[in-house]
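Novice: The structure under discussion is supplied below as structure tokens; questions concerning it will follow.
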Amino acid sequence: MIGRTKRTPWHDSAFTRAMVAAMTVGAVPGSEVVLETSRLLLRPWRVAEAVVQHELWTERDPRVPPHRRIDADGHPTVAELEGSIRTNQLWSSGLLAVERKASRDVIGYCGLVDSERGSAGEPELAFELLRRVWRQGYATEASLAVLEWARSSGYERLWATVWDWNTASRRVLAKVGFTETERKEVDAVYGTNLLFTTRRL
Numbered sequence: 375m376i377g378r379t380k381r382t383p384w385h386d387s388a389f390t391r392a393m394v395a396a397m398t399v400g401a402v403p404g405s406e407v408v409l410e411t412s413r414l415l416l417r418p419w420r421v422a423e424a425v426v427q428h429e430l431w432t433e434r435d436p437r438v439p440p441h442r443r444i445d446a447d448g449h450p451t452v453a454e455l456e457g458s459i460r461t462n463q464l465w466s467s468g469l470l471a472v473e474r475k476a477s478r479d480v481i482g483y484c485g486l487v488d489s490e491r492g493s494a495g496e497p498e499l500a501f502e503l504l505r506r507v508w509r510q511g512y513a514t515e516a517s518l519a520v521l522e523w524a525r526s527s528g529y530e531r532l533w534a535t536v537w538d539w540n541t542a543s544r545r546v547l548a549k550v551g552f553t554e555t556e557r558k559e560v561d562a563v564y565g566t567n568l569l570f571t572t573r574r575l
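The sequence shown begins at 375 in the working numbering and counts up one residue at a time.
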């Protein structure tokens, strides 16, 4: 999972705005981004798939900041995540559902989100997959599809942030062409968030 340090509740409007994806910028109203690889289909979320989002929230590493995990009151609930999909708020079309074509099951997300770290028009790559499908190359495959989409859409550079302890995500970023920068965001409780960037696409 790509790490983020912003500490706002999952339902906070500022957090929602931060997750409005760059993949929708300049899109024709009503159009949808759909990407395909040999094994995967990356497409907008469907309401019934809120259970997958909830599973992602539930199984996150305890080192992830609390605003990215299920809280003590059980939020976000499946119903709340369903509402987010219906209103295109938290999980916008920039964070695409990753579906395995062979089994037709959704296993996580991958896409672009607005970034505060680069220049205008330089979004961040974000991905997260269910634990049961780790180490099968899906994150790399999905990320490469998003990078190709970004390249063909005129983006020149992308960013990514990841916790220093998240070695799996760091390996994926290296495989798809990201390099670590000297910039870091240190959190005394949760660790250091590392900043990666691509060469010019």
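Where a beta carbon is used, it is the ideal one built from N, C-alpha and C, also for glycine.
Note that this is a predicted model, so its numbers are computed, not measured.
Considering only residues of the same chain and omitting the five flanking positions on each side of Leu430, which have a CB-CB separation below 7 Å?
Specialist: Cβ within range, chain order: Gly482, Glu502 and Leu504.
Novice: Please state the DSSP three-state secondary structure of Arg557.
Specialist: Arg557: strand per DSSP, three-state reduction.
Novice: Can Ala534 and Leu547 be called in contact, C-beta distance under 7 Å?
Specialist: Yes.
Novice: Check the DSSP bridge columns for Ala373 and list the partner residues they point to.
Specialist: As shown, the chain starts at 375 and ends at 575. That puts residue 373 outside it, with no answer to give.
Novice: Tell me the rounded alpha-carbon separation between Ser493 and Cys484.
Specialist: So the alpha carbons of these two residues sit roughly 21 Å apart.
Novice: Taking C-beta to C-beta, are Gly468 and Leu455 nearer than 7 Å?
Specialist: Not a contact, by the Cβ cut-off of 7 Å.
Novice: Whose C-beta lies closer than 6 Å to the C-beta of Val617 among residues of the same chain, with five residues either side of it excluded?
Specialist: The shown model of the chain, from 375 to 575, leaves out residue 617, and the question about it has no answer.
Novice: Taking the straight line between their C-alpha atoms, what separation do you get for Arg525 and Val550?
Specialist: Their Cα atoms are separated by approximately 13 Å.
Novice: With Trp523 as the anchor, note down where its beta strand (DSSP E) starts and where it stops.
Specialist: Premise fails: Trp523 lies in the alpha helix (DSSP H), Tyr512 to Ser526, not in any beta strand (DSSP E).
Novice: I need the DSSP call for Thr451, collapsed to helix, strand or coil.
Specialist: Three-state result, Thr451: coil.
Novice: Beta-carbon within less than 8 Å of Arg460's beta-carbon, same chain only, minus the 5 sequence neighbours each way: which residues are those?
Specialist: Hits under 8 Å: Val421.
Novice: Is Arg442 buried or exposed, if buried means 16 or more other CB atoms sit within 10 Å of its CB?
Specialist: Buried: at least 16 other Cβ atoms inside 10 Å.
Novice: When the Cα of Arg413 is compared with those of Val560, Val536 and Glu473, which residue comes out closest?
Specialist: The shortest C-alpha separation from Arg413 is found at Glu473.
Novice: Using DSSP with H/G/I as helix, E/B as strand and the rest coil, what is Leu532?
Specialist: Correct three-state label for Leu532: coil.
Novice: I need the straight-line Cα distance from Gln427 to Pro418, nearest angstrom please.
Specialist: Looking at the two C-alpha atoms, the distance is approximately 13 Å.
Novice: Please name the residue or residues paired with Gly485 in a DSSP beta bridge.
Specialist: In DSSP, Gly485 forms a bridge with Leu469 and Ala500.
Novice: DSSP beta-bridge partners for Leu575?
Specialist: Leu575 is not bridged to any residue.
Novice: Closer than 8 Å by C-beta to Leu575: which residues in its own chain qualify, once you throw out the five before and the five after it? Chain order, please.
Specialist: Around Leu575: Leu521, Ala524, Arg525, Tyr529, Glu530, Arg531 and Leu532.
Novice: Considering only C-alpha positions, which residue in the set Ser489, Ser543 and Asp488 is nearest to Gly511?
Specialist: Out of Ser489, Ser543 and Asp488, Ser543 has the C-alpha closest to the C-alpha of Gly511.
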